[in-house]
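Right, one structure below, let's go through it.
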Amino acid sequence: MKHKVNTGRFDGTRGARPVAAGSMTAGQPAAGGTRAARPAAGGVAVDTTSAERREWPAVGVVIPTRNRPELLRKALDAVRAQDYPGPLRVIVVFDQAEPDLQLATADHRPVLVLANWRQVGLAGARNTGISALDTELVAFCDDDDVWHPSKLRRQVDALVRTPDAEFATCAIEVEFEGVGHPRLAGTDAVTVEHLARSRMSMLHSSGFLARREALLESGVIGPVSEDAPGSQNEDWDLLLRAARRHPIVHVDEPLVRVLWGRSSFYTYEYSTKISSLRWMMARHPEISGCRPGAARVYGQLACWSAAAGDKRQAWRWTRETVRNNWREPRAAIALAALTGAVKVETVLTALHRRGHGI
């Protein structure tokens, strides 16, 4: 059966209060004194007791994609299979690729397919999706990542229970060469201080959830930065801007499986890595004001410069790394690469096998 393809904005009204199986209202005791559960898509029972006295807000999910049809379908299936009790809509934004209109649906969890009409790249694609939605909340998912079935429900519950909160994240499981590695933050509230000291890679963009109005052009946080070189580090930039207003709500459980490896468009684009890190340093003085955080970034710049064969810049950034924090391990990696003792790519692969990066 074919479905009509929506061409306008999604209408984001608030969702209905969660209802348990049958006609019982969620939150009322079921037979035997236990609380009722609501059946979700696929017949999986959902525990709604943590939010039984409020409505579940409508959520729009933005999935940017480019030439990864098989991975995209896995990501899309996982989003639509969420046990979230409220309204859920998905926008798939094709960037530098012909939109696949066969992905569009008009069922209880509609999918709208769009072409990126803003700046070419990941940031523009995300902003295209945000502007096409009219839901209270918006979440991001990359086309090569997969959500845990309870990801959205647990994040939304944590966000709405936190006064003034505008942004939420969750931990991840990194998958590299078929092996998973959980990456946890060790906190349930992420601050500017956390993010200045470390990129906190477990706060992956596929785990972002925010109040949609905050991410509009006129919003208090603002849209995804489209001037980030190569659309890299735009997620770190967004986290810092969000954390300046309020601590970010964090669910410290691996609710997203993030695929690392050859599927990434950015793994070996060293010039873009370098320019995006320099862009971040110029944009966020909090990083250079934190010596361990500055040393971490300088160490990355040293490693990427060495990998790109720019020895002069690699030496320069290595000196800056040591000046800010002589214990920073990236300085040793850069020095080893400069002397020819090891290749940066070899170190990067070894770290990826442990769920870490440079």
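Residues 4 to 361 in the numbering used here are what the sequence shown spells out, letter by letter.
All residues carry an ideal CB built from backbone N, CA and C; glycine is no exception.
Given the structure is predicted, the values throughout are model-derived calculations rather than measurements.
Below 8 Å CB to CB, which residues in the same chain sit around residue i once its five sequence neighbours on both sides are set aside?
i, result
"L117", "I94, V95, V96, F97, P102, T131, G132, A135"
"H273", "What sits at residue 273 in the sequence shown is Tyr, not His. So the qualifying residues of the chain are W307, S308, A310, A311."
"S209", "F143, C144, D145, D148, W150, I175, V259, V261"
"G36", "Note that G36 scores a pLDDT of 34, beneath 50, so its modelled location is shaky; the value from the coordinates is reported in the next line. None."
"P154", "At residue 154 the sequence reads Lys, which differs from the Pro that was named. The answer, listed in chain order, is Q85, C173, G210, L258, V259."
"V123", "D98, Q99"
Run through DSSP, which three-state label would residue i get?
i, result
"T321", "helix"
"E178", "strand"
"E289", "helix"
"V345", "coil"
"L125", "helix"
"H184", "strand"
"C306", "helix"
"A61", "coil"
"D98", "coil"
"H249", "coil"
"A168", "coil"
"A135", "helix"
"T190", "coil"
"A109", "coil"
"D160", "helix"
"R92", "strand"
"R299", "helix"
"E331", "coil"
"E196", "helix"
"W150", "strand"
"I66", "strand"
"R356", "coil"
"E256", "strand"
"A311", "coil"
"A84", "coil"
For residue i, which residues in the same chain have their Cβ closer than 6 Å to its Cβ, ignoring the five residues on either side in sequence?
i, result
"M283", "N236"
"P113", "R92"
"Q365", "No statement about residue 365 is possible, as the shown extent of the chain runs from 4 to 361 and does not include it."
"A192", "P250"
"L125", "P67, S234"
"S278", "P232"
"R156", "D86, Y87"
"P185", "E176, P257"
I need the straight-line Cα distance from residue i to residue j, nearest angstrom please.
i, j, result
"T172", "E73", "26 Å"
"F143", "A344", "40 Å"
"G292", "G63", "36 Å"
"D2", "P90", "For the chain, the structure presents residues 4 to 361; residue 2 sits outside this window and is missing."
"G358", "Q303", "17 Å"
"R286", "G233", "16 Å"
"G363", "S204", "Outside the displayed span of the chain (4 to 361) sits residue 363, for which this structure offers no information."
"A84", "E58", "20 Å"
"Y87", "I66", "18 Å"
"T165", "T275", "37 Å"
"L243", "A161", "20 Å"
"R356", "V182", "8 Å"
"V300", "L351", "16 Å"
"D313", "P257", "37 Å"
"D151", "F211", "The sequence shown places His at residue 151, rather than the Asp named in the question. About 14 Å."
"L280", "R248", "23 Å"
"L104", "V82", "18 Å"
"T190", "H197", "10 Å"
"N327", "W318", "14 Å"
"A246", "P288", "14 Å"
"D167", "L241", "17 Å"
"H111", "L341", "57 Å"
"D80", "L106", "11 Å"
Report yes if the C-beta distance between residue i and residue j is below 8 Å; otherwise report no.
i, j, result
"R69", "A100", "yes"
"V149", "A78", "yes"
"E139", "A61", "yes"
"R202", "W239", "yes"
"A305", "W329", "no"
"A213", "E169", "yes"
"A334", "T324", "yes"
"W263", "V141", "no"
"D255", "A188", "yes"
"E331", "A298", "yes"
Output needed for residue i: all residues of its chain with C-beta closer than 7 Å, excluding positions within five of it in sequence on either side, in chain order.
i, result
"H207", "I175, V259, V261"
"E216", "G222"
"A339", "V345"
"G296", "A199, R200, S201, I290"
"R121", "G127, N130, T131, E229"
"P226", "N130, I133, L218, L219, E220"
"Q158", "A171, C173, L212, V254"
"G25", "Any reading at G25 is ruled out, since the residue's pLDDT is 28, under 50, leaving its predicted position unreliable."
Under a CB-based cut-off of 8 Å, is residue i close to chain B?
i, result
"T349", "In the displayed structure, chain B is absent; only one protein chain is listed."
Report task. Please go through the stretch 203-246 and give each complete beta strand (DSSP E) segment of 3 or more residues, from N-terminal end onward. Result -> Runs found: 212-214.
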